[in-house]
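Structure record follows, encoded as structure tokens.
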Amino acid sequence: MKGKKILVTGGSGQVGRPVAEALAEHNEVWCLGRFATPGVEEELRARGIRTYHWDMNDLGGAAYDGLPDDFTHVIHSAVRRGEDGDFNAAVEVNSVACGRLMTHCRGAEAFLYVSTGALYKRQTLDHPYAEDDPVDGVADWLPAYPVGKIAAEGAVRAFASVLNLPTTIARLNIAYGPGGYGGVPMLYFKRMLAGEPIPVPLEGQNWCSLLHTDDLVSQVPKLWAAASVPATLVNWGGDEPVGMTDCVRYLEELTGVEAKLVPSEVTRETYQFDPARRLELTGPCRVPWREGVRQTLEALYPDHVKPRPDASAT
1 MKGKKILVTG GSGQVGRPVA EALAEHNEVW CLGRFATPGV EEELRARGIR TYHWDMNDLG
61 GAAYDGLPDD FTHVIHSAVR RGEDGDFNAA VEVNSVACGR LMTHCRGAEA FLYVSTGALY
121 KRQTLDHPYA EDDPVDGVAD WLPAYPVGKI AAEGAVRAFA SVLNLPTTIA RLNIAYGPGG
181 YGGVPMLYFK RMLAGEPIPV PLEGQNWCSL LHTDDLVSQV PKLWAAASVP ATLVNWGGDE
241 PVGMTDCVRY LEELTGVEAK LVPSEVTRET YQFDPARRLE LTGPCRVPWR EGVRQTLEAL
301 YPDHVKPRPD ASAT
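The following block contains the structure:
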């Protein structure tokens, strides 16, 4: 993409930041956020990105005073996750923020809302969830999170139709990569380094569809191109099914650090996606998950990764 005016919320996060940085080279990019992490705002500005202080918990219209309204493309990845357990706040903040943002940017060519696969009704651990599978918003590991996302999806669908704003709702799987904190695989590795237990299912393992940030970034323009009224709905994950226990064992293999896997009734549930609809919209991913995990470790924990095999050795 070139010559566009792009708005990114959650610009310091695992999704928003790499998208903003990649698109800033040939476009005018604005990032909205609180920028609570020291140094992040300065780093974004150094990449030519414009920043605007915005807190999605501020539900008043003044939150957008001074913000241009002529953006051509929007990606909304900011979220109130609901760690405080306040379901009503999660519903109100996420849905109202979507409505106000879409109204402010009603003239955009495309609006992309980043939702989550955590809202699907749990089936078998290895079930490949498709977009028409039932949802129930139950996640014992963070109960308010999927409820807020379901509410926000409803608001996004409504405002897309009312404003005639072409929209894509992309239910994200697990994004990971060298930027930010590295994603869920690196959260597990931090626990491994600390010797902390990692809860796993009593039987079998959780499955997911890891999405490397290189693939995520390359797919954003295609998801914008797929935007429509009514909103386009698509699962946003990688092509390969990945067992999370297999992923942790691979981290052990790459680093020699032991993982303390503890069978538990409550785990950080993950969901494997049926990639068919996304493949139609974006084409295949380019980064195999094992290579992506190794790259991420090498970038964030270089002192812990075993050297790559020397291909020239005999």
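Mind the numbering: the sequence shown is residues 1 to 314 in UniProt numbering, read in order. All residues carry an ideal CB built from backbone N, CA and C; glycine is no exception. Note that the coordinates shown come from a computational prediction; the quantities given were computed from them, not determined experimentally.
For residue i, report the span of its alpha helix (DSSP H) as first-last.
| i | result |
| --- | --- |
| residue 168 | Residue 168 -> not in any alpha helix (DSSP H); beta strand (DSSP E) instead, spanning 167-172. |
| residue 145 | 144-163 |
| residue 83 | It is not in any alpha helix (DSSP H) - residue 83 carries neither H nor E in the DSSP assignment. |
| residue 280 | 276-282 |
| residue 185 | 184-194 |
| residue 67 | Residue 67 -> no alpha helix (DSSP H), and no H or E assigned at all. |
| residue 239 | Per DSSP, residue 239 belongs to no alpha helix (DSSP H) and is neither H nor E. |
| residue 250 | 244-255 |
| residue 286 | Taken as a continuous stretch (DSSP letters only), residue 286 belongs to no alpha helix (DSSP H), as it is neither H nor E. |
Do residue i and residue j have their C-beta atoms closer together than 8 Å?
| i | j | result |
| --- | --- | --- |
| residue 289 | residue 243 | no |
| residue 59 | residue 103 | no |
| residue 10 | residue 95 | no |
| residue 37 | residue 45 | no |
| residue 80 | residue 53 | no |
| residue 129 | residue 117 | yes |
| residue 219 | residue 282 | yes |
| residue 233 | residue 131 | yes |
| residue 114 | residue 231 | no |
| residue 262 | residue 197 | yes |
| residue 259 | residue 211 | no |
| residue 146 | residue 139 | yes |
| residue 216 | residue 15 | yes |
| residue 300 | residue 257 | no |
| residue 108 | residue 74 | yes |
Report the rounded CA-to-CA distance for residue i versus residue j, giving the unit in angstroms.
| i | j | result |
| --- | --- | --- |
| residue 326 | residue 77 | An answer regarding residue 326 cannot be provided, because it is not within the stretch 1 to 314 covered by the chain. |
| residue 266 | residue 143 | 12 Å |
| residue 221 | residue 110 | 10 Å |
| residue 228 | residue 123 | 30 Å |
| residue 4 | residue 106 | 16 Å |
| residue 292 | residue 184 | 13 Å |
| residue 314 | residue 296 | Model confidence at residue 314 stands at a pLDDT of 41, short of 50, so the residue's coordinates are unreliable; what they give is reported in the following sentence. Their backbone Cα atoms lie some 28 Å apart in a straight line. |
| residue 171 | residue 223 | 12 Å |
| residue 311 | residue 253 | Note that residue 311 scores a pLDDT of 49, beneath 50, so its modelled location is shaky; the value from the coordinates is reported in the next line. Spanning the two alpha carbons is a distance of roughly 18 Å. |
| residue 307 | residue 22 | 29 Å |
| residue 28 | residue 19 | 12 Å |
| residue 161 | residue 177 | 35 Å |
| residue 47 | residue 181 | 19 Å |
| residue 17 | residue 200 | 30 Å |
| residue 280 | residue 250 | 30 Å |
| residue 319 | residue 7 | The chain is shown from 1 up to 314; residue 319 falls before or after that span and cannot be answered. |
| residue 189 | residue 248 | 8 Å |
| residue 49 | residue 24 | 6 Å |
| residue 70 | residue 166 | 15 Å |
| residue 298 | residue 305 | 6 Å |
| residue 225 | residue 72 | 12 Å |
| residue 121 | residue 268 | 15 Å |
| residue 135 | residue 64 | 33 Å |
| residue 82 | residue 119 | 14 Å |
DSSP on residue i, reduced to helix/strand/coil?
| i | result |
| --- | --- |
| residue 77 | coil |
| residue 117 | helix |
| residue 123 | coil |
| residue 260 | strand |
| residue 15 | coil |
| residue 399 | The structure shown has nothing for residue 399, since the chain only spans 1 to 314. |
| residue 128 | strand |
| residue 141 | coil |
| residue 268 | coil |
| residue 52 | strand |
| residue 105 | coil |
| residue 99 | helix |
| residue 110 | strand |
| residue 208 | strand |
| residue 220 | helix |
| residue 306 | coil |
| residue 181 | coil |
| residue 24 | coil |
| residue 175 | strand |
| residue 293 | helix |
| residue 135 | strand |
Can you find a C-beta in chain B that's less than 8 Å from the C-beta of residue i?
| i | result |
| --- | --- |
| residue 301 | As a matter of chain content, chain B is missing from the structure shown, which is built from one protein chain. |
Under DSSP, the beta strand (DSSP E) around residue i begins and ends at which residues?
| i | result |
| --- | --- |
| residue 43 | First-last for residue 43: 40-46, but that is the alpha helix (DSSP H), not the beta strand (DSSP E). |
| residue 33 | 28-33 |
| residue 8 | 5-9 |
| residue 200 | 197-200 |
| residue 234 | 232-236 |
Hey, is residue i close to the ligand MG, as in C-beta under 7 Å from one of its heavy atoms?
| i | result |
| --- | --- |
| residue 204 | As presented, the structure is devoid of all ligands, the ligand MG included, so that no description of it is given. |
* To do: Would you check if there are 3 or more beta carbon pairs closer than 8 Å linking the stretch 233-249 to the stretch 204-219?
  => yes
* Touch check for the stretch 269-276 and the stretch 231-239: three-plus C-beta pairs under 8 Å? -> A contact exists between the stretch 269-276 and the stretch 231-239.
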